[in-house]
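Chemist:
Residue numbers (this note's numbering): 32 to 403.
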């Protein structure tokens, strides 16, 4: 077995989910290699935990979604929710040779699957110790514009980095975000204002996603005003979107355009909450610098933020309910056009770099041990 498999399995069962003796853990493998699933089983057993395994294939999931039926989905949800309620932890490994496999699933079918299965996702997110990661494939290497071997080296370096080094800076950012009221974000095509007063900020340094590196909160639901122009392409329900521009009034998205404006608005019309924002987060992983249309990587890009239409997290509850949760990313480093983020008038980040001394620990130079 590749030694990197064992190393990553130890990170996921140790640092990320902190498995203990007697805890049930569900390993949810989507087109992931058997060798790595076995590495996870062995690592979980090595900690005295009790592993359970589900295996999925993207083409099979697509076929089920094409003929999605509400009654069948309700049975699936109830069965899987009953199992999830017995789990203390959840580890999902998601790999696919075709990121657009579900791209031809009709929008109404994709929406039905999302709506009916949402309680399962909510329980997993709010009631278990969980971590989700992608698996490196040739398709992902192609998205990243890298050779397969180079991408695998990059992937394992990012996923097994010392996330503990982020802790001091994340603690300082959490404290500053929780003191903030008014946030203003400016940049090319963007002038956005909202409040985060009274809403918690949650540091993410390897416990929920691998790779990781963000602190997230949520805006006061009706406070968002202005316009945002995202500069990262994004995939949702198997469809690629680019040049997304959203206009807000009293928290609600009143105008939405993109390269596929019609499909974008269909998704935002899934339910009333899909046109409000459920998450605001700052990303700072020093190893991730360019978008690759994989949200688990893109939302952690150094110098980025994401502003997410749809459901909020329970830990940062702003009252917004939706079956949609769509992380959309904007990078503010100079090569992507730059930009500023201010809390209550104080300049927090400029052109992707944190300005206050306590927050400079999250800048790439410090996290990589090269400078302040």
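For every residue, glycine included, the Cβ atom is placed at its ideal position computed from N, Cα and C.
Keep in mind that this is a model prediction, so the values were computed, not measured.
Relative to the alpha-carbon of residue 408, which residue among 88, 200, 182 has its alpha-carbon at the smallest distance?
Modeler: Here the chain comprises residues numbered 32 to 403, so residue 408 is not present and cannot be evaluated.
Chemist: Buried or exposed: which applies to residue 39, given that a residue is buried once 16 or more other Cβ atoms fall within 10 Å of its Cβ?
Modeler: As a first step, residue 39 must be located in the chain shown, where it is residue number 8. Label assigned to residue 39: buried.
Chemist: Check for me: the beta strand (DSSP E) holding residue 379 runs from which residue to which?
Modeler: Taking the first residue of the chain shown as 1, we reach residue 379 at position 348. Unbroken beta strand (DSSP E) run through residue 379: 377 to 381.
Chemist: Just the C-alpha distance for residue 248 and residue 231, rounded to the nearest angstrom, thanks.
Modeler: As a first step, residue 248 must be located in the chain shown, where it is residue number 217. As a first step, residue 231 must be located in the chain shown, where it is residue number 200. Residue 248 and residue 231: Cα-Cα distance of roughly 6 Å.
Chemist: Under the three-state reduction of DSSP, which class applies to residue 189: helix, strand or coil?
Modeler: Stepping through the chain shown from its first residue, residue 189 is reached at position 158. DSSP places residue 189 in helix when its eight states are reduced to three.
Chemist: Looking only at its chain, what residues have a beta carbon closer than 7 Å to the beta carbon of residue 209, apart from the 5 residues adjacent to it on each side?
Modeler: Here residue 209 is taken as the residue at index 178 of the chain shown, counted from 1. Within the same chain, residue 209 has close Cβ partners 231, 232.
Chemist: Report the rounded CA-to-CA distance for residue 103 versus residue 56, giving the unit in angstroms.
Modeler: To locate residue 103, count along the chain shown from 1; it is residue 72. To locate residue 56, count along the chain shown from 1; it is residue 25. Residue 103 and residue 56: Cα-Cα distance of roughly 26 Å.
Chemist: Consult DSSP for residue 154 and reduce its assignment to one of helix, strand or coil.
Modeler: For the purposes of this step, residue 154 is taken as residue 123 along the chain shown, with counting starting at 1. Residue 154: helix per DSSP, three-state reduction.
Chemist: Measuring CB atoms only, is the segment 38 to 53 touching the segment 64 to 82, in the sense that at least three cross pairs come out at less than 8 Å?
Modeler: With the cut-off at 8 Å, the segment 38 to 53 and the segment 64 to 82 touch.
Chemist: Just how far apart, CA to CA, sit residue 257 and residue 311?
Modeler: Locating residue 257 in the chain shown gives position 226, where the first residue counts as 1. Locating residue 311 in the chain shown gives position 280, where the first residue counts as 1. For residue 257 and residue 311, the distance between alpha carbons rounds to 15 Å.
Chemist: Buried or exposed: residue 192, going by 16 or more other Cβ atoms within 10 Å of its Cβ?
Modeler: Translated into the one-based positions of the chain shown, residue 192 becomes position 161. With 16 or more Cβ atoms within 10 Å of its Cβ, residue 192 is classed as buried.
Chemist: Output the distance between the C-alpha atoms of residue 206 and residue 386, rounded to the nearest integer angstrom.
Modeler: Reading the chain shown from its first residue, position 175 is the one you call residue 206. Reading the chain shown from its first residue, position 355 is the one you call residue 386. Using only the alpha carbons, I get a separation of about 15 Å.
Chemist: Using the C-alpha atoms, what's the distance from residue 41 back to residue 49?
Modeler: Taking the first residue of the chain shown as 1, we reach residue 49 at position 18. Taking the first residue of the chain shown as 1, we reach residue 41 at position 10. Residue 49 and residue 41: Cα-Cα distance of roughly 10 Å.
Chemist: Closer than 7 Å by C-beta to residue 263: which residues in its own chain qualify, once you throw out the five before and the five after it? Chain order, please.
Modeler: For the purposes of this step, residue 263 is identified with residue 232 of the chain shown, where counting begins at 1. Hits under 7 Å: 322, 329, 360, 361, 362.
Chemist: With 16 as the cutoff for other CB atoms within 10 Å, does residue 388 come out buried or exposed?
Modeler: Looking up residue 388 in the chain shown gives position 357. Result: exposed.
Chemist: Is it buried or exposed for residue 203, if we count other Cβ within 10 angstroms and need 16 for buried?
Modeler: Here residue 203 refers to the residue found at position 172 when the chain shown is read from its first residue. Per the 10 Å Cβ criterion, buried.
Chemist: So, for residue 298: in the same chain, excluding its five sequence neighbours on each side, which residues have a beta-carbon less than 6 Å away from its beta-carbon?
Modeler: Your numbering for residue 298 matches position 267 in the chain shown. Contacts found: none.
Chemist: So, helix, strand or coil for residue 389, using DSSP?
Modeler: Counting from one through the chain shown, the residue named residue 389 turns up at place 358. Residue state, collapsed to three classes: helix.
Chemist: If you scan the segment 290 to 362 from start to end, which runs of the beta strand (DSSP E) of 3 or more residues do you find wholly inside it?
Modeler: You should have 308 to 314, 335 to 340, 360 to 362.
Chemist: Enumerate in chain order the residues of its own chain whose CB-to-CB distance from residue 350 is below 7 Å, with the five nearest sequence positions on each side excluded.
Modeler: Counting from one through the chain shown, the residue named residue 350 turns up at place 319. Closer than 7 Å at Cβ, skipping near neighbours: 252.
Chemist: State buried or exposed for residue 354, treating a residue as buried only when at least 16 other CB atoms are found within 10 Å of its CB.
Modeler: Taking the first residue of the chain shown as position 1, residue 354 is located at position 323. When all chains shown are included, residue 354 counts as buried.
Chemist: Applying the criterion that 16 or more other CB atoms from any shown protein chain within 10 Å of the CB defines a buried residue, is residue 306 buried or exposed?
Modeler: Residue mapping note: residue 306 aligns to position 275 of the chain shown, counting from 1. Buried is the call here.
Chemist: Establish whether the CB of residue 396 and some CB of chain D are separated by less than 8 Å.
Modeler: Among the chains of the structure shown, chain D does not appear; only one protein chain is present.
Chemist: Scan the segment 64 to 152 and note each continuous alpha helix (DSSP H) run of 4 residues or more that stays entirely inside, going in chain order.
Modeler: DSSP runs (the alpha helix (DSSP H)) wholly in the segment 64 to 152: 65 to 77, 89 to 97, 101 to 115.
Chemist: Between the C-alpha atoms of residue 260 and residue 281, what's the straight-line distance to the nearest angstrom?
Modeler: Within the chain shown, residue 260 is the residue found at index 229, counting from 1. Within the chain shown, residue 281 is the residue found at index 250, counting from 1. Approximately 18 Å between the Cα atoms of the pair.
Chemist: Helix or strand or just coil, what does DSSP make of residue 395?
Modeler: Residue mapping note: residue 395 aligns to position 364 of the chain shown, counting from 1. Note: residue 395 maps to helix in three-state DSSP.
Chemist: With 16 as the cutoff for other CB atoms within 10 Å, does residue 115 come out buried or exposed?
Modeler: Residue mapping note: residue 115 aligns to position 84 of the chain shown, counting from 1. Buried, since its Cβ has 16 or more Cβ neighbours within 10 Å.
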